[in-house]
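Visitor: Everything in the sequence shown is counted per full-length UniProt numbering, starting at 1 for the first residue and increasing by one.
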Amino acid sequence: MQQHQGMIPRFLCLGLLLVLLSACAGRPAWEEVDPQRQAQAYTNLGFGLFSEGDYQRALREFNRALQVRPHFAEAHHGMALTLQAQGEDQAAESHFRQALRHDPQMTAARNNYAAFLFAQSRYDEARIQLELASQDLLYEQRWLVFENLGFLALEMDNKSQARHDFERALRLNPGRRATRIRLFELLMEAEAYSAAQAQWRSLQEDPNLDPQVIRLGITLAQYTGDQREEQRLWQQLRLAAEDRD
């Protein structure tokens, strides 16, 4: 994901949980008789190889899974991610689509497909996929869907929508520091000082804030008339400058 005014982190592939399994020396007997378990084993091995950057061997394992079960959505998802990593975008998109056609409820694949679309500047299509993903109330990383909806809204220059999406993300994961900082910056930019102050309460004791965020905190302290907080932040800013020197 491209940077937006130097403050947007890289768009992440969402919700991908890799199950790392070691390859066994011998083939279990069930692999010969149980296509489901056989395809799952090949797919797990493929994801393990993918996580190690061994893309060619990963593709072979995903392909073996699909030879056993051509409609196995997890293997299509693995093929899509591996092909994307190799720059084979057309083939990657085909496998993303097949994964979602065979399992429309695979939210991780839908999120990763949205990331793929975003990388190609196909923002409207990416948003459709993320909005569908956000409807999965049981998805463990649903907060990340809303976070990425926020980054997407920023790229589309819809800051009001971005604030809404970041707020949704924080309701689901209040400890997400990067999201809170970005929301605070947006609220300060919009001069929504009361809402910004609510976010600042969770940030003000952070000793590792970027100088730009500290300066926004100073602006907020000046607006609220909190001279003690203003002085504390000026001191924090000076110490940060000394550390850089």
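Yeah, the Cβ is synthetic: ideal placement off N, Cα and C, and Gly gets one too.
Compute the Euclidean distance between the alpha carbons of D34 and L45, then round it to the nearest angstrom.
Guide: Looking up residue 34 in the sequence shown gives position 34. Looking up residue 45 in the sequence shown gives position 45. Taking the straight line from one Cα to the other gives about 17 Å.
Visitor: Applying the criterion that 16 or more other CB atoms from any shown protein chain within 10 Å of the CB defines a buried residue, is G225 buried or exposed?
Guide: Against the sequence shown, residue 225 aligns to sequence position 225. With fewer than 16 Cβ atoms within 10 Å of its Cβ, G225 is classed as exposed.
Visitor: Buried or exposed for G15, going by 16 or more other Cβ atoms inside 10 Å?
Guide: In the sequence shown, residue 15 corresponds to position 15, counting from 1. Because G15 sits at a pLDDT of 41, beneath the cut-off of 50, its placement in the model cannot be relied upon, and the point is left open.
Visitor: Is it buried or exposed, E140, if we count other Cβ atoms within 10 angstroms and call 16 or more buried?
Guide: Residue mapping note: residue 140 aligns to position 140 of the sequence shown, counting from 1. Exposed, since its Cβ has fewer than 16 Cβ neighbours within 10 Å.
Visitor: Just tell me which of D243, L220 and E185 has its CA closest to the CA of L233.
Guide: Here residue 233 refers to the residue found at position 233 of the sequence shown. The candidate whose alpha carbon is nearest that of L233 is L220.
Visitor: Along the chain, where does the alpha helix (DSSP H) containing H71 start, and where does it finish?
Guide: Taking the sequence shown and counting its residues from 1, one reaches residue 71 at position 71. That residue, H71, is in no alpha helix (DSSP H); it is neither H nor E in DSSP.
Visitor: How big is the Cα-Cα spacing for Q235 and A196?
Guide: One-based indexing of the sequence shown puts residue 235 at position 235. One-based indexing of the sequence shown puts residue 196 at position 196. So the alpha carbons of these two residues sit roughly 21 Å apart.
Visitor: Does the Cβ-Cβ distance between A39 and R60 come in under 8 Å?
Guide: The residue given as residue 39 occupies position 39 in the sequence shown. The residue given as residue 60 occupies position 60 in the sequence shown. Contact flag unset, no.
Visitor: Distance, Cα to Cα, E185 vs Q227?
Guide: Position 185 of the sequence shown holds residue 185. Position 227 of the sequence shown holds residue 227. Distance between the alpha carbons of E185 and Q227: 21 Å.
Visitor: Looking at the unbroken alpha helix (DSSP H) that takes in P35, where does it start and where does it end?
Guide: As a first step, residue 35 must be located in the sequence shown, where it is residue number 35. Its alpha helix (DSSP H) spans residues P35 to S51.
Visitor: Can you tell me the Cα-Cα spacing of R142 and E230, whole angstroms?
Guide: Counting from 1 along the sequence shown, the entry for residue 142 is found at position 142. Counting from 1 along the sequence shown, the entry for residue 230 is found at position 230. Roughly 36 Å separates the two Cα atoms.
Visitor: Give the C-beta separation of P211 and L237 to the nearest angstrom, bearing in mind that I take them to be a contact with Cβ-Cβ under 8 Å.
Guide: Taking the sequence shown and counting its residues from 1, the one referred to as residue 211 is at position 211. Taking the sequence shown and counting its residues from 1, the one referred to as residue 237 is at position 237. Going by Cβ atoms, the distance from P211 to L237 rounds to 6 Å, so yes, they are a contact pair.
Visitor: Taking the beta carbon of Q98 as the centre, do at least 16 other beta carbons fall within 10 Å, making it buried, or is it exposed?
Guide: In the sequence shown, the residue the question calls residue 98 occupies position 98. Answer is buried; the Cβ neighbour count reaches 16.
Visitor: If you compare alpha carbons, which of H71, F72, G78 and A41 is closest to G53?
Guide: For the purposes of this step, residue 53 is identified with residue 53 of the sequence shown, where counting begins at 1. If we check each option's Cα against that of G53, G78 comes out closest.
Visitor: DSSP state of R176, grouped into three classes?
Guide: Against the sequence shown, residue 176 aligns to sequence position 176. Looking at R176 - three-state DSSP - the assignment turns out to be coil, as it is neither helix nor strand.
Visitor: How many angstroms separate the CA atom of L138 from the CA atom of L152?
Guide: Here residue 138 is taken as the residue at index 138 of the sequence shown, counted from 1. Here residue 152 is taken as the residue at index 152 of the sequence shown, counted from 1. So the alpha carbons of these two residues sit roughly 23 Å apart.
Visitor: Please specify which runs of the alpha helix (DSSP H), each continuous and at least 4 residues long, are wholly inside the segment 98-169, giving them in chain order.
Guide: You should have 107-119, 123-134 and 142-155.
Visitor: Of the residues E125, R101 and L149, which one's Cα is nearest the Cα of S134?
Guide: Reading the sequence shown from its first residue, position 134 is the one you call residue 134. Among E125, R101 and L149, the Cα nearest to that of S134 belongs to L149.
Visitor: Short check: CB of Q84 to CB of F116, under 8 Å?
Guide: Here residue 84 refers to the residue found at position 84 when the sequence shown is read from its first residue. Here residue 116 refers to the residue found at position 116 when the sequence shown is read from its first residue. In this structure, F116 lies closer than 8 Å to Q84 by Cβ.
Visitor: Can you give me the C-alpha to C-alpha distance between Q129 and R182, rounded to a whole angstrom?
Guide: Residue mapping note: residue 129 aligns to position 129 of the sequence shown, counting from 1. Residue mapping note: residue 182 aligns to position 182 of the sequence shown, counting from 1. Between Q129 and R182, the C-alpha separation is close to 23 Å.
Visitor: Between which two residues does the alpha helix (DSSP H) holding R228 run?
Guide: Here residue 228 is taken as the residue at index 228 of the sequence shown, counted from 1. Residues Q227 to R244.
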